[in-house]
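S.K.: The structure is given below, and queries will be raised subsequently.
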Amino acid sequence: MKRIQKASLLAVSVSMVLAIFLTGCSTNKESASSSTAAPSASSPTAEPQLAPYTIKLIYPGEVQKDQALVVAEMNKYLTKKINATIDITPISSGSWGDKVNLMIASSEPMDILFAANWNSYATNVTKGAFIDLEEKNLLDKYGKGIKETLGQSALDGARIKGKIYAVPTNKEMATSGGFLLRKDMVEKYKLDLSTLKSERDLEPFLKIIKDSEPNMIPLYLDGGNNLVQHLNTWDYMGGATSFGAIDGTLTSTKVVLTQEQQKDKDLIDLTHDWFMKGYINKDAPTTKNSPETQIKAGNVFAIVTPLKPGKDGEVSLASGYPFVQAETMKTWTSSSTASGSMLAISKTSKDPERAMMFINLLHTDKYLLNLLDFGIEGVHYVKVNDNVIDIAPGNDPKANKYLPGAAWMFGSQFLNYLWKNEDPEKWNKFREFNKKAAVSVAVGFTFDTAAVKNEIAATTSVKVEFSGALNTGAVDPNTILPKYLEKLKAAGVDKILTEKQKQFDEFLATKKK
């Protein structure tokens, strides 16, 4: 919610670049003016000229048992605020790509769609799927709270060809990578997490689990969540839906085909070795169950994932099992970090203004955001204090009443309640996390895919054919990788690399002026 960032030694200093990104994520202005209580009879009502409208929101996730109950509460509030109701449609992450592509291709009516640089944002913009949010002053008129709390620099991170097609979530503006491990297993077998400095250091842990816990999967992978996906620092400059990247933690500006680079080959080789040793689930290339879904079954020891402060606490809560995190790569900020989680307005929306009003509320209205994220107070959570909550009796992850685990997708995370098990300093640690990140020289650049859209379509088909099996270790890379590269060349990957390099060089030349 795939993935997603890198170090800059150009004329602009690292601190200046980071300052741009931190403008959006370090503000606390939203907390000062937002109500945490449900609306009273005297709450502001919708303007009379607004006709009733139902906003359709679509995002990757699982349907919750109490979804209708939460939606009903949201509708009571939204009717008073903007005379609207909400229709929430979560789509399982395993089916997300296919279903969303079909919805876009068929021009299905919808209002707000989750978007991300790692999830075909640039491609969907090229298809004309999203509305330009600055057209007819849509953002200025109905998204004032967004601009005040998120900041213009973060919004600029969503630009493609100078236009903003989605609103980023106000959250961490850097990323890292590593593993989440079952804490009870770590303690049971006295596994020393201080020895986990790189991915290879995980192997002794996996062997112990395989030998000692026959009913447990040592490392759960799928086609979109694997070592190649999450343990590299490639900056694809607008999303990994097109080939070609620079190493975001270095100063090199050369666009390369990552599948030809030694660090990717090493990760693929290691994954294949682990697969053959039985450390990885056998259905990894084909499974539709994401790691976040599978860990709820209680039979997974480790997953590989992007990391941020407190990720283990979030996953522990959502899964019902205790996890601890181990970071194995440096923290960095890519050209597309700000666009790693966004909400776009569909071109098929019948009321884009109302859709923007709703997104604006998610960035400014603490009551509404926490209702969407965590459900109803007293039913799905109870308050420990004004800003800390605990799961209400009967709403554990196995019951699946309402624990969507989707807070990172919506509005401003800095308005979110903290769970009882979370670090009270979580948001301050987010800011420190952002500050220590290496920054890519490509920050501010987004690849325009229009000139190579046919080649992108062709190479994407080749990627679908090969990458899942290769990246999960199910096939011998010595045999399959050369065939993959050969088909990529035949599909026009070199034209994509050339075009991306050309645009990037032009961006760098402009930046130096």
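The UniProt record's numbering puts the last residue of the sequence shown at 513; the count rises by one with no breaks.
Glycine included, each C-beta is placed from N, C-alpha and C at the ideal position.
With burial defined as no fewer than 16 other Cβ atoms inside 10 Å of the residue's Cβ, what is the status of G24: buried or exposed?
M.R.: To locate residue 24, count along the sequence shown from 1; it is residue 24. Any answer about G24 is weak, because its pLDDT of 37 lies below 50 and its placement is not dependable; what the coordinates show is given next. Classification of G24: buried, given that the 10 Å Cβ count is 16 or more.
S.K.: Spell out the partners DSSP gives A115 in its beta bridges.
M.R.: As a first step, residue 115 is located in the sequence shown; it is residue number 115 there, counting from the start. DSSP output for A115 lists M342 as bridge partner(s).
S.K.: Give the DSSP bridge partners of residue 514, in chain order.
M.R.: There is no way to answer for residue 514, as the model of the chain reaches only from 1 to 513.
S.K.: Please check the pair V167 and L343, which I expect to be a contact at CB under 8 Å, by giving their CB distance rounded to whole angstroms.
M.R.: The residue labelled residue 167 in the question sits at position 167 within the sequence shown. The residue labelled residue 343 in the question sits at position 343 within the sequence shown. Their Cβ separation, rounded to whole angstroms, is 5 Å, which keeps V167 and L343 in contact under 8 Å.
S.K.: Compare the C-alpha of L508 against each of M237, N385 and K99 and name the closest.
M.R.: Your numbering for residue 508 matches position 508 in the sequence shown. Checked all of M237, N385 and K99; the closest Cα to L508 is M237.
S.K.: Please state if the CB of P218 and the CB of Y279 are separated by a distance shorter than 8 Å.
M.R.: Walking along the sequence shown from the start, residue 279 turns up at place 279. Walking along the sequence shown from the start, residue 218 turns up at place 218. Yes. Within cutoff.
S.K.: Please go through the same chain and pick out, in chain order, the residues whose beta-carbon is closer than 6 Å to the beta-carbon of S120, but skip the five residues on each side of it.
M.R.: As a working mapping, residue 120 is identified with position 120 in the sequence shown. Around S120: T241.
S.K.: Measuring CB atoms only, is the segment 79-97 touching the segment 47-58, in the sense that at least three cross pairs come out at less than 8 Å?
M.R.: Because the criterion of three Cβ pairs below 8 Å is met, the segment 79-97 and the segment 47-58 touch.
S.K.: According to DSSP, is L307 part of a helix, a strand, or is it coil?
M.R.: To locate residue 307, count along the sequence shown from 1; it is residue 307. The answer is strand: DSSP assigns L307 an E or B state.
S.K.: Please give the ranges of any alpha helix (DSSP H) in the segment 125-196, keeping only runs that are unbroken, at least 4 residues long and fully inside the region.
M.R.: You should have 138-142, 144-149, 152-156 and 183-188.
S.K.: A406 and D373 - do their beta-carbons sit closer together than 8 Å?
M.R.: Within the sequence shown, numbered from 1, the residue matching residue 373 stands at position 373. Within the sequence shown, numbered from 1, the residue matching residue 406 stands at position 406. Yes, they are a contact pair.
S.K.: Would you kindly check if the distance between the Cβ of Y417 and the Cβ of V388 is under 8 Å?
M.R.: Along the sequence shown, read from residue 1 onward, the residue named residue 388 stands at position 388. Along the sequence shown, read from residue 1 onward, the residue named residue 417 stands at position 417. Going by C-beta atoms, V388 is nearer than 8 Å to Y417.
S.K.: Near N28, which residues of its chain fall below 6 Å by C-beta distance, leaving aside the five closest residues on each side in sequence?
M.R.: As a working mapping, residue 28 is identified with position 28 in the sequence shown. Note that N28 scores a pLDDT of 37, beneath 50, so its modelled location is shaky and nothing firm can be said.
S.K.: For P404, which of helix, strand or coil comes out of DSSP?
M.R.: The residue you call residue 404 lines up with position 404 of the sequence shown. Three-state result, P404: coil.
S.K.: Which of the three DSSP states, helix, strand or coil, is assigned to T498?
M.R.: Taking the first residue of the sequence shown as position 1, residue 498 is located at position 498. Of the three classes helix, strand and coil, the one that applies to T498 here is helix, per DSSP.
S.K.: Report the rounded CA-to-CA distance for F21 versus M173, giving the unit in angstroms.
M.R.: Indexing the sequence shown from 1 puts residue 21 at position 21. Indexing the sequence shown from 1 puts residue 173 at position 173. Any answer about F21 is weak, because its pLDDT of 34 lies below 50 and its placement is not dependable; what the coordinates show is given next. Using only the alpha carbons, I get a separation of about 7 Å.
S.K.: With a Cβ-Cβ cutoff of 8 Å, do Q294 and D312 count as a contact?
M.R.: For the purposes of this step, residue 294 is taken as the residue at position 294 of the sequence shown. For the purposes of this step, residue 312 is taken as the residue at position 312 of the sequence shown. Cβ distance not < 8 Å, so Q294 and D312 don't count as in contact.
S.K.: So, helix, strand or coil for A392, using DSSP?
M.R.: Numbered from its first residue, the sequence shown carries residue 392 at position 392. Three-state DSSP puts A392 in coil, outside helix and strand.
S.K.: Roughly how far, in whole angstroms, is the beta-carbon of D235 from the beta-carbon of S467, given that I think they are within contact range, below 8 Å?
M.R.: For the purposes of this step, residue 235 is taken as residue 235 along the sequence shown, with counting starting at 1. For the purposes of this step, residue 467 is taken as residue 467 along the sequence shown, with counting starting at 1. 18 Å between Cβ atoms; not a contact.
S.K.: Between the beta-carbon of G244 and the beta-carbon of V255, is there less than 8 Å?
M.R.: Within the sequence shown, numbered from 1, the residue matching residue 244 stands at position 244. Within the sequence shown, numbered from 1, the residue matching residue 255 stands at position 255. A contact, by the Cβ cut-off of 8 Å.
S.K.: Would you call the segment 413-427 in contact with the segment 303-318, where contact means no fewer than 3 C-beta pairs closer than 8 Å?
M.R.: Result yes; three or more Cβ-Cβ pairs closer than 8 Å.
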